[in-house]
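Heads up, the sequence shown stops at 318 in the numbering used here, and the numbers go up one at a time, no gaps.
All C-beta atoms in this analysis are idealised placements derived from N, C-alpha and C, irrespective of residue type, glycine included.
Here the structure is laid out as structure tokens; the discussion comes afterwards.
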Amino acid sequence: MIIQDSHIVLIGATGGIGQATALELARRGARLTLVSRHLDALNELKNTLPNPEQHTVMAIDITSKVDLASLSEHIQAHGKADALINNAGANHFSMLSQKQAKEVEHDVQLNLIAPMLICQSAFSWLNQPGIMLNIGSTFGSIGYPGYTSYCAAKAGLQRFTEALDRELHTTGIRVLYLAPRATDTALNSHAVIEMNQKLGNRTDSPLVVAEHIVMMLEQEISAKWIGWPEKLFARINQIFPSIVSSAIRKQHATIQNFINRTSH
Ligand SMILES: NC(=O)c1ccc[n+]([C@@H]2O[C@H](COP(=O)([O-])OP(=O)(O)OC[C@H]3O[C@@H](n4cnc5c(N)ncnc54)[C@H](OP(=O)(O)O)[C@@H]3O)[C@@H](O)[C@H]2O)c1
């Protein structure tokens with residue numbers, strides 16, 4: 055797609071990756087609908103972007119069906135969109151045995167059900183040709199201790215994206231999937247940041263992810279994983295999962311140690 059003069063709906067706009075993406079898209083001349091739960095943060099972001107008067111904001115909780123209906127109305131009132139970026143997400147770093155049922159449900163609701171329903175609602179407000187881009191995670195390809203329900207949700211999001219892209223192949227709508235690795239945002243607690251450092255897991259800046267998002271939209275790339283060796287591990291895990299299991303087993307005590315710190 056051509057980003058200049060396009061209308062792009064960005065969900066999860068005020069987070070680390072969302073803000074960097076909003077700036078990169080606005081710099082290239084896109085008109086944005088910025089979405090997350092907090093109106094002040096949305097307005098603050100809007101006012102830092104080039105041509106703030108071109109963008110609109112919408113404060114909704116995407117896990118609420120009522121709020122999702124109002125998103126559809128808002129976008130239709132501001133003209134159809136050329137692209138949707140499903141970027142909102144969160145996780146609870148903890149062993150499944152220590153999670154409350156509502157945290158497990160929330161991981162799946164926010165990271166899988168909500169983006170699926172937003173894609174479904176987009177049929178009424180997305181132009182053809184148009185793009186839906188779902189932001190997944192390396193953890194959608196590699197089951198990792200402490201992230202069971204988040205891994206399940208992101209894995210589901212990848213398969214959903216693939217199925218919908220195939221389902222829509224005659225319509226001009228493309229459905230794309232991007233899997234960032236650890237990224238330096240508020241999504242990760244101090245304990246997770248420290249654990250990643252200790253385990254030698256590399257972390258990207260939000261700008262790196264934003265640049266991949268721009269590239270995927272411009273080139274309509276079906277799916278992309280960011281970073282070595284995560285990209286390779288994602289492939290190895292599909293073919294030889296026991297190799298990845300044995301690497302992760304060596305990290306188990308360290309992961310447990312940082313989870314204990316988080317839960318105290
Ligand atoms: N950071 C990483 O290490 C990493 C790695 C791989 C993948 N990802 C994925 O990248 C995406 C962006 O993450 P990030 O790192 O930028 O996280 P972040 O900084 O925590 O931002 C999350 C964004 O989602 C919004 N959000 C959360 N719950 C929402 C809800 N119920 N309704 C509407 N908006 C909601 C937040 O705004 P409000 O709180 O104001 O609603 C915020 O704008 C996520 O899908 C995440 O899973 C991140």
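Assigned exposure category for residue i - 16 Cβ within 10 Å defines buried
i: S203; result: buried
i: M249; result: buried
i: S151; result: exposed
i: N314; result: exposed
i: I297; result: exposed
i: V246; result: buried
i: K252; result: exposed
i: Q133; result: The question names Gln, but residue 133 in the sequence shown is Gly. Exposed.
Cβ-Cβ distance between residue i and residue j below 8 Å
i: L187; j: L232; result: yes
i: M112; j: L125; result: yes
i: I172; j: N141; result: no
i: T239; j: L164; result: no
i: A135; j: N105; result: no
i: L241; j: A74; result: no
i: V263; j: I280; result: yes
i: A137; j: G184; result: yes
As assigned by DSSP and simplified to three states, the class of residue i
i: T215; result: helix
i: D128; result: Here the sequence assigns His to residue 128, which means Asp is not the residue at that position. Residue state, collapsed to three classes: helix.
i: T202; result: helix
i: K153; result: coil
i: R315; result: helix
i: S148; result: coil
i: S191; result: coil
i: K278; result: strand
i: Q58; result: coil
i: S90; result: strand
i: A207; result: helix
i: A137; result: strand
i: D161; result: helix
Candidates the options: closest to residue i by CA position
i: V162; options: I172, V120, A144; result: A144
i: S191; options: E284, V89, L93; result: E284
i: I56; options: A142, H92, R85, R303; result: R85
i: L271; options: S300, S243, V229; result: V229
i: R235; options: D115, W179, E157, Y198; result: Y198
i: A338; options: L79, R256, A217; result: Residue 338 cannot be examined here, being either before or after the span of the chain that is shown, 55 to 318.
i: I65; options: P169, H223, I227, H266; result: P169
Residue-chain proximity (residue i, chain B), Cβ-Cβ < 8 Å
i: D258; result: The chain labelled as chain B is not found in the depicted structure, where only one protein chain is given.
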